[in-house]
Amino acid sequence: MRGAARIRTADGEDEWRARKRKAVHAGLDFISTTGLAMLRSTALHARHGSDILLPFHVPRSNPTEEEAHALLVAKKLANEWRMQHCGKQLPNRCEPRQLLDLMQGLYALEELGLGDPVLTSQVAERCAKFNAVDFFKFDPLHTEPGAFVCEDCVCGARLDAESAHCTQCRRPAIRMSAYDVWLEALVFTFHGCRMGIGLGACFFDILRQLSTAFVAAHGKTLAQKDAHYLAYALTHVIYALSNFNERSLPPSLFPPPIRSCLLDRLKFALKKRDPDLAGECLDCLKCIGERGQTLNAAERFLVGSQQADGGWCCVRMILRRAASSGSRS
Ligand SMILES: [Zn+2]
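Note that the UniProt record's numbering has the sequence shown beginning at 1, numbered continuously upward.
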């Protein structure tokens with residue numbers, strides 16, 4: 001009997017592993033089709049920038065079947081990006097946002113062995129004309145993010161701190177959580193540090209501020225928006241330190257409060273059926289050695305909520321997008 005039960009369990013595990021593999025391949029096909037369509041659409045490319053490129057590290061030698069598929073998709077998207085950006089002379093004056101976006105794209109290319117030193121040096125040269133506030137909306141070497149920093153408008157305009165509305169399209173300004181400002185700065189400085197491009201502060205300047213804020217907030221109840229961006233800031237610390245999944249990290253680097261913060265947000269994401277947040281928390285918790293029931297439940301949620309086209313529907317993002325387009329006055 002026990003032998004039969006073991007066989008049944010083994011069958012069940014094999015079936016589950018096969019389902020997960022199928023979900024990974026379907027997800028990659030979705031990214032490939034959607035990513036190419038987004039890169040080829042001027043409006044979508046302007047809105048989402050180089051975020052469309054597959055940012056995760058994919059081993060180039062001895063890949064598994066899933067990794068080989070991921071590499072194929074990453075290269076396909078990278079080659080499309082190259083056709084649009086490489087071999088061109090940048091204007092002397094570029095906006096900081098454009099430079100940060102190019103830097104992100106160039107880093108993705110470099111990780112795939114497709115780097116473009118000519119465009120990289122042009123970006124580095126243009127970046128030298130700006131300071132930290134131009135890139136991060138605050139100066140990490142001298143201060144923390146202010147309370148009145150505004151999100152960039154969905155029309156693409158950059159809003160000054162304390163703005164009431166966008167001067168170009170009149171949409172109301174949206175205040176940023178300090179954790180959101182740190183999150184953006186972590187991403188920008190990660191690329192800057194890895195590419196050797198100076199932005200007026202480095203990744204560890206931001207990490208130091210975020211760590212101090214995390215310790216100060218420990219045991220307190222954060223506003224929903226702060227808790228949300230804190231979770232994403234923590235996942236991006238893990239992504240940066242692991243070079244987007246190139247290596248797992250020593251569990252001892254991450255004390256219990258960080259683990260419990262990410263686990264709480266993972267439980268929250270499962271309750272709200274939020275695949276984006278659930279996926280990031282799950283991925284990062286696994287990277288720092290966490291295992292257990294909540295993580296298993298998250299895997300089952302992600303596989304179970306995948307749509308027929310291989311993608312996921314994120315209600316939170318749809319509502320947010322609807323709110324920003326509906327609030328045009
Ligand atoms: Zn606007």
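From the three backbone atoms N, C-alpha and C, an ideal C-beta is built for every residue, glycine too.
- DSSP three-state assignment for P145, whether helix, strand or coil: Your numbering for residue 145 matches position 145 in the sequence shown. Three-state result, P145: coil.
- Item | Segment contact, 8 Å Cβ cut-off, at least three pairs: the stretch 223-237 with the stretch 261-277 | yes
- Message: In chain order, what are the residue ranges of uninterrupted alpha helix (DSSP H) at least 4 long that sit wholly in the UniProt domain "DUF6895" (231-314)?
- Response: 256-272, 275-287 and 293-305
- Please classify T9: does DSSP put it in a helix, a strand, or coil? Working through the sequence shown from its first residue, we reach residue 9 at position 9. Helix, per DSSP.
- Considering only C-alpha positions, which residue in the set R21, V118, A216 and M103 is nearest to V303? One-based indexing of the sequence shown puts residue 303 at position 303. When each option's Cα is compared against that of V303, the closest is R21.
- Message: By the three-class DSSP mapping on this structure, what secondary structure does D150 have?
- Response: Residue numbering aside, residue 150 sits at position 150 when the sequence shown is read from its first letter. It is Cys, not Asp, that sits at residue 150 in the sequence shown. In this structure, C150 counts as strand in the three-state DSSP scheme.
- Message: Is the beta carbon of L28 closer than 9 Å to that of A78?
- Response: Here the question's residue 78 lines up with position 78 in the sequence shown. Here the question's residue 28 lines up with position 28 in the sequence shown. The answer is no: Cβ separation not under 9 Å.
- Message: Using 8 Å for Cβ pairs, my map puts V149 next to V181. What's the rounded Cβ distance?
- Response: Here the question's residue 149 lines up with position 149 in the sequence shown. Here the question's residue 181 lines up with position 181 in the sequence shown. Their Cβ separation, rounded to whole angstroms, is 5 Å, which keeps V149 and V181 in contact under 8 Å.
- Item | Backbone CA spacing between D205 and D134 [nearest angstrom] | In the sequence shown, the residue the question calls residue 205 occupies position 205. In the sequence shown, the residue the question calls residue 134 occupies position 134. Each residue's alpha carbon lies about 16 Å from the other.
- Is the stretch 90-98 in contact with the stretch 120-134, if contact means three or more CB pairs nearer than 8 Å? yes
- Straight-line Cα distance separating E246 from V73: The residue labelled residue 73 in the question sits at position 73 within the sequence shown. The residue labelled residue 246 in the question sits at position 246 within the sequence shown. One C-alpha to the other measures close to 17 Å.
- Buried or exposed: M195, going by 16 or more other Cβ atoms within 10 Å of its Cβ? Position 195 of the sequence shown, counted from the start, is the residue given in the question as residue 195. Counting Cβ neighbours within 10 Å, M195 comes out buried, since at least 16 surround it.
- 8 Å contact criterion, which D283 and C314 should meet: CB distance rounded: Translated into positions along the sequence shown, residue 283 becomes position 283. Translated into positions along the sequence shown, residue 314 becomes position 314. At roughly 16 Å, the Cβ-Cβ gap does not stay under 8 Å, so D283 and C314 are not in contact.
- Item | Proximity test, C150 beta-carbon vs ligand 1 heavy atom, cut-off 8 Å | Here residue 150 corresponds to residue number 150 of the sequence shown, with the count starting at 1. Checking every heavy atom of ligand 1 against the Cβ of C150, none is found closer than 8 Å.
- Skipping 5 residues on each side, what residues in its chain have a beta carbon closer than 6 Å to that of L277? What you label residue 277 is simply residue 277 of the sequence shown in a count that begins at 1. Excluding sequence neighbours, L277 sits near A269.
- Message: Pairs of beta-carbons, one from the stretch 249-258 and one from the stretch 282-301, closer than 8 Å: are there three or more?
- Response: yes
- Item | Three-state secondary structure (DSSP) of R171 | Residue mapping note: residue 171 aligns to position 171 of the sequence shown, counting from 1. R171 falls in the coil class under three-state DSSP.
- So is the beta-carbon of A240 under 8 Å away from any non-hydrogen atom of ligand 1? Residue mapping note: residue 240 aligns to position 240 of the sequence shown, counting from 1. No, since every heavy atom of ligand 1 falls outside the 8 Å radius drawn around the Cβ of A240.
- For A223, which of A46, M176 and C202 has the nearest alpha-carbon? As a working note, residue 223 is residue 223 in the sequence shown. Nearest option by C-alpha distance: M176.
- What separation, rounded to the nearest whole angstrom, lies between the Cα atoms of M38 and D101? Translated into the one-based positions of the sequence shown, residue 38 becomes position 38. Translated into the one-based positions of the sequence shown, residue 101 becomes position 101. Cα to Cα, the separation comes out at about 15 Å.
- When every heavy atom of ligand 1 is checked, does at least one fall within less than 8 Å of the C-beta of Q168? The sequence position of residue 168 within the sequence shown is 168, counting from 1. The beta carbon of Q168 sits closer than 8 Å to at least one heavy atom of ligand 1.
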